[in-house]
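Residue 476 is where the sequence shown ends in my numbering, and the numbering goes up by one at each step.
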Amino acid sequence: MREVAPDSVPHSLALGRSGRVRLTHDLVVRVLADSDRPLDVRTVTERVNGLSQVAPLKPERIREHLKELVDTGHVERKGNAYHRSKRPYFEVSQDHAALEALVGPRIYEKLEEHGFRGLGDLAARRGKFRDLLSELTGFGDATAALLLAAVLVMIERGPGAAGRGPWGAADLIGSPYPRPYQHEAFAIFRGYGYQGQVIEAPTGSGKTLIGMMCIQDWLTTLSPGQSILVLVPTVNYQQQWVGELCYKETGLKLPPHLVFTGTPAQVEAVRARTGVMPAVLVMSYPALAQTGSGVGKGGFDRDSIEIFLMGANVRYVIFDEVHKVVDDMRSVSAEVTRVLTEWLQDGSLTGAIGFSGTAAAYRNRFSQLGLDLVHVMPAAELIAYGFVAPFAELGVPFAYSEREQRVRRLVDEYKELLKSFLNDAVGAPRLRAWFAELPMGDRVTMARGLLRMAAAAGADRDAAIAKRLEGWESGGALTLPEVGMVTIL
């Protein structure tokens, strides 16, 4: 808000009473030191208020501060005017005073013993601060995250700066649209530093808006050529995200050419045609999973996923409705998520967050993928406050028909017969030996044309295919994903 109305909205400062007095003393001394002649009370008041660091002060209050400074010998009075004396004056450290005001003198003393003397120390050592605050006070990680979010607001460049960069995003964070619980969720994400946290929020509570607040914050540091990846369950979610990002009044109002929806192969084509990587990539879990699918590749194709991430220069990731991923921990989508969280942990990604409507039941599974459920928005409270409409879940009995059961049995029988034929009748070692005798160039050509292997790998596609095919030359019994070897033979 300050960026929109700097003359009306003061800086965010957290100071105790003594700190506020010292801050005003600092401003008065600074004004007098910058003047080559004595100044009257009215002029001092105008110049102090012009520094825009505090709410406007009245002349009567400035006169009291001038009297106190005269008594301490830092200011001299000449008639109705005042000028700076020669006595040295040391300004208060707002960074230190603000931290003491936030946590109180008792906790500040303990923090200071561990090297946390100011707000900047908290921002630089967030993980250590969360652990120490829990040890000193018994507060949980969520409280520490909210405190860190307040610190970041006071010392960092405002998130609204995204609109002044190359992206032209609207200031959603400083607008009246986000509700209190959405501001709280955003503050928790930001306080944790976007390091794999998941928040549970009921349907209709505005998870997309929280995600856009995070995107706005990320855009302040995103450079052209880098991108933000938003993963969603279905095409309907893709359309919803595009509408919110580009066209809704309550969205970021990003230019449509900066937002992409589709598959990894299609985004590579867009970049090749335009020479520009869109800032926000909205993709479905199945579309990205197809890139890493093990069909015809002998297993999960991690290389293709990493090649896509490097080519798109993905810096941040949003997992929308992430419970749909952990519902099946053996799925390709779960493997893709694991790759992304590993990139986050080793620093290849700057940040990643997740949303879910039913996250609490999957807490242990999130941990297996490197994600952490840190906050739950109670649906009953949001309904009671009128933010979310009352809703109910209805269960419908389901069972496969007799025909569907027969089809499933036939498919399972076919799979077993195929594996038995390849491994018992022909023999896996013989097939692998025949396969190894084929020239690698011919194998790569057939894998690319017949199996559409590594379709999203771009310029490195042949190298990725060759690496995968080399792995097929040795091993034990053939698996169904390796049936592509027989197709090539």
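Even for Gly, the Cβ is constructed at its ideal location relative to N, Cα and C.
Run through DSSP, which three-state label would residue i get?
{"i": "E96", "result": "helix"}
{"i": "K235", "result": "coil"}
{"i": "R325", "result": "helix"}
{"i": "A148", "result": "Note on A148: pLDDT 48, under 50, position unreliable in the model; the coordinate value appears next. Looking at A148 - three-state DSSP - the assignment turns out to be helix."}
{"i": "K284", "result": "Any reading at K284 needs caution, since the residue's pLDDT is 48, under 50, leaving its predicted position unreliable; the model's value is listed next. Coil at K284, not helix or strand."}
{"i": "A68", "result": "strand"}
{"i": "V257", "result": "helix"}
{"i": "L218", "result": "strand"}
{"i": "D158", "result": "coil"}
{"i": "L275", "result": "helix"}
{"i": "D290", "result": "helix"}
{"i": "D27", "result": "strand"}
{"i": "L331", "result": "helix"}
{"i": "G127", "result": "coil"}
{"i": "E33", "result": "helix"}
{"i": "T190", "result": "coil"}
{"i": "S210", "result": "coil"}
{"i": "G463", "result": "coil"}
{"i": "E87", "result": "helix"}
{"i": "R7", "result": "helix"}
{"i": "F295", "result": "helix"}
{"i": "M(-12)", "result": "With a pLDDT of 48 at M(-12), under the threshold of 50, the modelled position of that residue is not reliable, and no figure is offered here."}
{"i": "P163", "result": "coil"}
{"i": "R17", "result": "helix"}
If I'm right that residue i touches residue j with Cβ under 8 Å, what's the distance once you round it to whole angstroms?
{"i": "F306", "j": "L218", "result": "5 Å"}
{"i": "L360", "j": "R325", "result": "17 Å between Cβ atoms; not a contact."}
{"i": "H83", "j": "V16", "result": "In fact, because the Cβ distance is near 18 Å, the residues do not count as touching under 8 Å."}
{"i": "G338", "j": "W205", "result": "7 Å"}
{"i": "V185", "j": "L358", "result": "5 Å"}
{"i": "A157", "j": "K240", "result": "4 Å"}
{"i": "V31", "j": "L53", "result": "7 Å"}
{"i": "G178", "j": "A136", "result": "4 Å"}
{"i": "G212", "j": "M270", "result": "Rounded, the Cβ-Cβ distance is 18 Å, inconsistent with contact."}
{"i": "T124", "j": "I94", "result": "7 Å"}
{"i": "Y415", "j": "A464", "result": "First, the amino acid is wrong: residue 415 is Ala here, not Tyr. Correct: roughly 5 Å between the Cβ atoms."}
{"i": "A478", "j": "I175", "result": "Because the chain is modelled from -12 through 476, residue 478 falls outside the range shown and cannot be assessed."}
{"i": "P46", "j": "V28", "result": "5 Å"}
I need the boundaries of the beta strand (DSSP E) containing residue i, first residue and last residue.
{"i": "R64", "result": "62 to 65"}
{"i": "Y303", "result": "301 to 306"}
{"i": "E51", "result": "Unbroken run through E51 is the alpha helix (DSSP H), 46 to 58; no beta strand (DSSP E)."}
{"i": "A339", "result": "338 to 343"}
{"i": "F247", "result": "246 to 248"}
{"i": "E187", "result": "182 to 187"}
{"i": "D359", "result": "359 to 363"}
{"i": "A270", "result": "Reading the sequence as shown, one finds Met at residue 270 and not Ala. Taken as a continuous stretch (DSSP letters only), the beta strand (DSSP E) holding M270 covers 267 to 271."}
{"i": "V263", "result": "Neither: V263 is in no beta strand (DSSP E) and is coded neither H nor E."}
Residue range of the alpha helix (DSSP H) that residue i falls in?
{"i": "Q226", "result": "222 to 229"}
{"i": "F173", "result": "167 to 179"}
{"i": "W421", "result": "415 to 424"}
{"i": "S121", "result": "113 to 124"}
{"i": "V313", "result": "310 to 313"}
{"i": "W205", "result": "194 to 206"}
{"i": "M478", "result": "Here the chain has residues from -12 to 476 only, and residue 478 is not among them."}
{"i": "G471", "result": "471 to 475"}
{"i": "R317", "result": "Careful: R317 lies outside any alpha helix (DSSP H) and carries neither H nor E."}
{"i": "A453", "result": "448 to 458"}
Closer than 8 Å, CB to CB, is residue i near chain D or not?
{"i": "D447", "result": "Here there is only one protein chain, and chain D is not present."}
Inset, instruction - Would you check if there are 3 or more beta carbon pairs closer than 8 Å linking the stretch 448 to 463 to the stretch 424 to 438? - result: Counting Cβ pairs under 8 Å, three or more are found: they touch.
Inset, instruction - Flag this pair as touching only if the stretch 62 to 70 and the stretch 109 to 118 have three or more C-beta atom pairs under 8 Å; answer yes or no. - result: These segments do not touch.
Inset, instruction - For the stretch 344 to 411, list the beta strand (DSSP E) runs that are entirely contained and at least 3 residues long, ordered along the chain. - result: Fully enclosed beta strand (DSSP E) runs of 3 or longer: 359 to 363.
Inset, instruction - Check whether the stretch 459 to 468 touches the stretch 408 to 425, taking contact to mean three or more Cβ pairs, one atom from each stretch, closer than 8 Å. - result: With the cut-off at 8 Å, the stretch 459 to 468 and the stretch 408 to 425 touch.
Legend entry - Touch test, the stretch 198 to 214 against the stretch 287 to 306, Cβ-Cβ under 8 Å, three pairs minimum: Result yes; three or more Cβ-Cβ pairs closer than 8 Å.
Legend entry - Touch test, the stretch 239 to 254 against the stretch 263 to 281, Cβ-Cβ under 8 Å, three pairs minimum: Yes: the two stretches touch, three or more of their Cβ pairs being nearer than 8 Å.
Inset, instruction - Could you say if the stretch 312 to 324 and the stretch 163 to 172 meet the contact criterion of at least three C-beta pairs nearer than 8 Å? - result: Look at the beta carbons and you see the stretch 312 to 324 not touching the stretch 163 to 172: under three pairs across the two are nearer than 8 Å.
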